[in-house]
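Heads up: the structure comes next, in structure tokens.
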Amino acid sequence: MSPSEAIGAPATIGKSVQIRGEVKGSEDLLVDGLVEGTITLTESRLTIGPHAKVKANVSARDVVVVGSLDGDVAATGRVELRAGANLVGDIRAARLSIEENAIFSGKVDLDQPGAHGAPERGTVTSQVPSNAPGKTASMFNA
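Counted from 1, the sequence shown has number 84 at position 84 by the working numbering; the numbering is strictly sequential.
Right, dumping it as structure tokens:
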């Protein structure tokens, strides 16, 4: 067992690290450096840290963006765009939240279990209301 697994901390790509190519894994990952290519963590959480510059299509269970991500996002769980995030690309996820002062340019496809277990699909076109300071907007299919 690695030290990060022992204490529950995610694996980390630090600020000074640059990776070009494919990143795959089965543990949570914090990216705070430069990654270009693809990131695949189908059973894990990916966090794009505040110093990160990521140009990649990403696939993970959950994706949290605080820094900059240029690429499409596929998540079986939740995508969170925190204050200060900048995402250019399309999102496909079960749940999405966008905090005030996050920047997002792209399309959203929310998949949620329907009444009979089949995925419901919808596209969200609304914007985060700016009249509620400090609030987080969650978008779900109506």
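Even glycine gets a Cβ: it sits at the ideal position worked out from N, Cα and C.
The model shown is predicted, which means the values in this text are computed figures rather than measured ones.
Item	Value
Pick helix, strand or coil for A83, following the three-state DSSP scheme.	coil
Are the beta-carbon atoms of L110 and A85 separated by less than 8 Å?	no
Please classify N131 as buried or exposed, where buried requires at least 16 other C-beta atoms within 10 Å of its C-beta.	Low confidence applies here, because N131 scores a pLDDT of 43, under 50, leaving its location unreliable and the question unanswered by this model.
Who does G21 pair with in a DSSP beta bridge?	G37
Per DSSP, what kind of secondary structure is S16 in: helix, strand or coil?	coil
Can the beta-carbon of E27 be found closer than 8 Å to that of S16?	no
In this structure, does DSSP put E100 in helix, strand or coil?	coil
Can you find the residues in the same chain that come closer than 6 Å, C-beta to C-beta, to E80, ignoring five residues on each side of it along the sequence?	V64 and S97
May I have the straight-line CA-CA distance separating S68 from G89, to the nearest angstrom?	11 Å
In the DSSP assignment, find the unbroken beta strand (DSSP E) run with A74 in it and report its ends.	V73 to A75
Once you ignore the five residues that flank A74 on each side, which residues in its own chain have a CB closer than 6 Å to its CB?	S59 and R92
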